[in-house]
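Take a look at the structure below.
Number of protein chains: 2
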Amino acid sequence: MTAQQAAVRIVDGDRRALARAASWIEAQTAAGRELLKAVFPQTGRARLIGITGPPGAGKSTLVDQLTKTIRARGERVGIVAADPSSPFTRGAILGDRIRMQDHHADPDVFIRSMATRGKMGGLAAATLELALLLDAAGFNFVLIETVGVGQDEIEIARLADVTVLVLVPGMGDDVQAIKAGTMEIADVFAVNKADLPGANRLEDEIRNMQSLASEEGRREAAPLRRVVASEGQGIDELLQVIEHVFAKRSREQMRTEAWRFRLREILQDRLAAALPESELNEHAMRIAAKIEDPYTAVDAILAGLLK
Amino acid sequence: MTAQQAAVRIVDGDRRALARAASWIEAQTAAGRELLKAVFPQTGRARLIGITGPPGAGKSTLVDQLTKTIRARGERVGIVAADPSSPFTRGAILGDRIRMQDHHADPDVFIRSMATRGKMGGLAAATLELALLLDAAGFNFVLIETVGVGQDEIEIARLADVTVLVLVPGMGDDVQAIKAGTMEIADVFAVNKADLPGANRLEDEIRNMQSLASEEGRREAAPLRRVVASEGQGIDELLQVIEHVFAKRSREQMRTEAWRFRLREILQDRLAAALPESELNEHAMRIAAKIEDPYTAVDAILAGLLK
């Protein structure tokens, strides 16, 4: 199957071609890039929804429930779980996927975990590409779930059109810190496990931070919905608010901004891959031996790399 | 005060010169770079210890207790708190610093929070630079505490000679996920709040993952110590194991490896800063309008940037 053939079959709804192409993309092969170029004109119809948040927030359960709700409307759902590059994750992936087993037999749900080896580089690009592929394949929603909690996963969630930040009550005494790096990325807040004590307090904290941010003129407060994902409570309302956020933006401007951000992510991946390993190693030895200082080394490496 | 004057004074133990130079470094000014070049030959004597872990793990309390223990031996401690770039962090910084107020009057303890604005880029470089400055200023230990929990903060902790991963029992149902991305970076595990139920289970989980990793021949199991940081329990033992790990490595090889990693981080910062904004924007518009596909755009931008 060539990339061109795959492109035709995928747009046609061939699930086996889709699964195979997803593997090309995960492996970041030339065939995957060919394919994406071919199907790119067919993209732009799906809603790409990022689901992110700290561990224990119940992201997988929420994705599961959103999938049920979207399916009940008769729309098709693609799910991409972006997973940090670690052999330790196997258990986590398995656990997540077991929870999703209800949907495995459903031809209108496609689930794939993305992982990379070694340095994180490549995961953002591969995740976005798989989301675009699912878009081209006619899935109405693509849910991009981050399994880890690193800055990279947060950035991956931001590759979506709308980013949902999932938080839960009672996350420990420096919950302030985790919110710090992630609050701004939320287009929608989902307060999960809202039946637990502390939900009011969490909501108050979010509101306080939002009013602080709005005083400084930074942005409009993101809407917040309470859910109990494990019981399916509040899911309809959450989906409505996600769609509302999606709809009220200027579509063209949103797409341009999304692409500016996406290009930046892909370029950073590519630049990291372009760093000359052996040169880096030589400089590292010289610095460790105090023959050279790190600034001189960095300048020398950049001079050899950049125009 | 010129950079050269500052360098002399700092190596001499002038605290005001040090505070001023720390501000240069935080602002990433040319004077800061000059200064670092000048003091670089004086570095390499301090032990740089990274303290990282999820929110609620008690990292600040642990740093506070380690500081007390090191001071009781008569050694000097520098602390760099690497904080994600967010206006929301103000509260967190304040909270952390209040906990450290016992040490504020101590001339042999120097505390500084590092933050950057906008994109995370720059925080890793600035944190490392401040740690090197404190090294040159004669602090025997530099504790690099990450306040946030993103991948970037984990990488920042890894800039240290020895990285301590702080975990606590009962972190929620996908604790697997947070461990996944971070387990490998631990040179030492600190199981904090070890008086809580679940400490045994957490220790078992860590051991299981370690034996899995060791079967695959990846690395020697990192030592683990239980502490109750809030009570000062187990801190001596933790410090001993940190020093043991530090001592048993080949110093030269360790430094080379550390510098290879550090150079990579600094270079990625610099490359991200070199991306041409207006060109990125133009391509983003073309992609949004479907005149161009993202691969063609990325290739064009890289062709203009790289040699």
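Chains as they are written, first to last, in the working numbering: chain A, 27 to 333; chain B, 27 to 333. We put the CB at the ideal spot given by N, CA and C, even for glycine.
Rounded straight-line distance, which links the Cα of residue j to that of residue i
i, j, result
"residue 89(B)", "residue 194(B)", "15 angstroms"
"residue 313(B)", "residue 285(A)", "7 angstroms"
"residue 173(B)", "residue 185(B)", "15 angstroms"
"residue 85(A)", "residue 92(A)", "10 angstroms"
"residue 40(B)", "residue 69(B)", "16 angstroms"
"residue 248(B)", "residue 328(A)", "35 angstroms"
"residue 237(B)", "residue 225(B)", "18 angstroms"
"residue 209(A)", "residue 191(A)", "8 angstroms"
"residue 311(B)", "residue 229(B)", "52 angstroms"
"residue 332(B)", "residue 213(A)", "35 angstroms"
"residue 264(B)", "residue 253(B)", "8 angstroms"
"residue 326(A)", "residue 87(A)", "49 angstroms"
"residue 130(A)", "residue 138(A)", "11 angstroms"
"residue 57(B)", "residue 50(B)", "7 angstroms"
"residue 98(B)", "residue 235(B)", "35 angstroms"
"residue 166(A)", "residue 187(A)", "13 angstroms"
"residue 62(A)", "residue 211(A)", "27 angstroms"
"residue 124(B)", "residue 292(B)", "With a pLDDT of 48 at residue 124(B), under the threshold of 50, the modelled position of this residue cannot be trusted; read the value that follows with caution. C-alpha separation (whole angstroms): 31 angstroms."
"residue 196(B)", "residue 246(A)", "36 angstroms"
"residue 304(B)", "residue 318(B)", "16 angstroms"
"residue 64(A)", "residue 231(A)", "47 angstroms"
"residue 330(B)", "residue 66(A)", "24 angstroms"
"residue 266(B)", "residue 136(A)", "51 angstroms"
"residue 77(A)", "residue 251(A)", "14 angstroms"
"residue 283(B)", "residue 283(A)", "38 angstroms"
"residue 279(B)", "residue 279(A)", "51 angstroms"
Cβ-Cβ separation, residue j to residue i (assumed contact under 8 angstroms), whole Å
i, j, result
"residue 34(A)", "residue 163(A)", "Residue 34(A) to residue 163(A), Cβ: 12 angstroms. No contact."
"residue 43(A)", "residue 27(A)", "7 angstroms"
"residue 181(B)", "residue 150(B)", "6 angstroms"
"residue 54(B)", "residue 183(B)", "That pair is no contact at about 20 angstroms."
"residue 103(B)", "residue 134(B)", "7 angstroms"
"residue 306(A)", "residue 59(B)", "At roughly 20 angstroms, the Cβ-Cβ gap does not stay under 8 angstroms, so residue 306(A) and residue 59(B) are not in contact."
"residue 47(A)", "residue 32(A)", "5 angstroms"
"residue 261(A)", "residue 95(A)", "5 angstroms"
Residue i burial status per 10 Å Cβ neighbour count (16 or more: buried)
i, result
"residue 100(A)", "exposed"
"residue 5(A)", "Any question about residue 5(A) goes unanswered here, given that chain A covers just 27 to 333."
"residue 79(B)", "buried"
"residue 233(B)", "exposed"
"residue 82(A)", "buried"
"residue 189(B)", "buried"
"residue 52(B)", "buried"
"residue 316(A)", "exposed"
"residue 155(B)", "buried"
"residue 141(A)", "buried"
"residue 216(B)", "buried"
"residue 309(A)", "buried"
"residue 29(A)", "buried"
"residue 294(B)", "buried"
"residue 132(B)", "exposed"
"residue 281(A)", "buried"
"residue 277(B)", "exposed"
"residue 288(A)", "buried"
"residue 111(B)", "Residue placement at residue 111(B) is flagged as unreliable, the pLDDT there being 43, under the threshold of 50; a coordinate-derived value is accordingly withheld."
"residue 353(A)", "With chain A covering only 27 through 333, there is no way to say anything about residue 353(A)."
Interface partners of residue i on chain C, CB under 7 angstroms
i, result
"residue 319(B)", "Considering every chain present, this structure includes no chain C. Its protein chains are A and B."
Near the ligand FMN: residue i beta-carbon under 7 angstroms from a heavy atom
i, result
"residue 216(A)", "Inclusion of the ligand FMN in the displayed structure is not the case, the ligand content being empty and no account of it being possible."
- prompt: Does the pairing of the segment 100-107 of chain B with the segment 316-325 of chain A give three or more beta-carbon distances under 8 angstroms?
  reply: Contact annotation: the segment 100-107 of chain B does not touch the segment 316-325 of chain A, with fewer than three C-beta pairs closer than 8 angstroms.
message: Three Cβ pairs or more, each shorter than 8 angstroms: is that satisfied between the segment 245-263 of chain B and the segment 211-225 of chain B?
response: Flag = yes, the segment 245-263 of chain B and the segment 211-225 of chain B touch.
query: Enumerated in chain order, which unbroken segments of the alpha helix (DSSP H) with a length of 4 residues or greater are wholly contained in the segment 42-103 of chain B?
result: Complete alpha helix (DSSP H) runs here, min 4: 56-65 and 85-98.
message: I want to know whether the segment 266-282 of chain B touches the segment 64-77 of chain B - three or more CB-CB distances under 8 angstroms.
response: Look at the beta carbons and you see the segment 266-282 of chain B touching the segment 64-77 of chain B: at least three pairs across the two are nearer than 8 angstroms.
field: Contact the segment 296-304 of chain A vs the segment 152-172 of chain A: 3+ CB pairs below 8 angstroms
entry: Segments in contact, no.
query: Hey, which unbroken runs of the alpha helix (DSSP H) at 4 residues or more fall wholly within the segment 265-318 of chain B?
result: Runs of the alpha helix (DSSP H) lying entirely within the segment 265-318 of chain B, each at least 4 residues long, are 277-300 and 303-314 in chain order.
- request: Return the chain-ordered ranges of every beta strand (DSSP E) run that is complete within the segment 138-172 of chain A and spans a minimum of 3 residues.
  value: For the segment 138-172 of chain A, whole beta strand (DSSP E) runs of length 3 or above, ordered along the chain, are 167-172.
Secondary structure, alpha helix (DSSP H): runs of 4+ residues fully inside the segment 211-266 of chain B: With a minimum length of 4 residues, the continuous alpha helix (DSSP H) runs that stay inside the segment 211-266 of chain B are 225-241.
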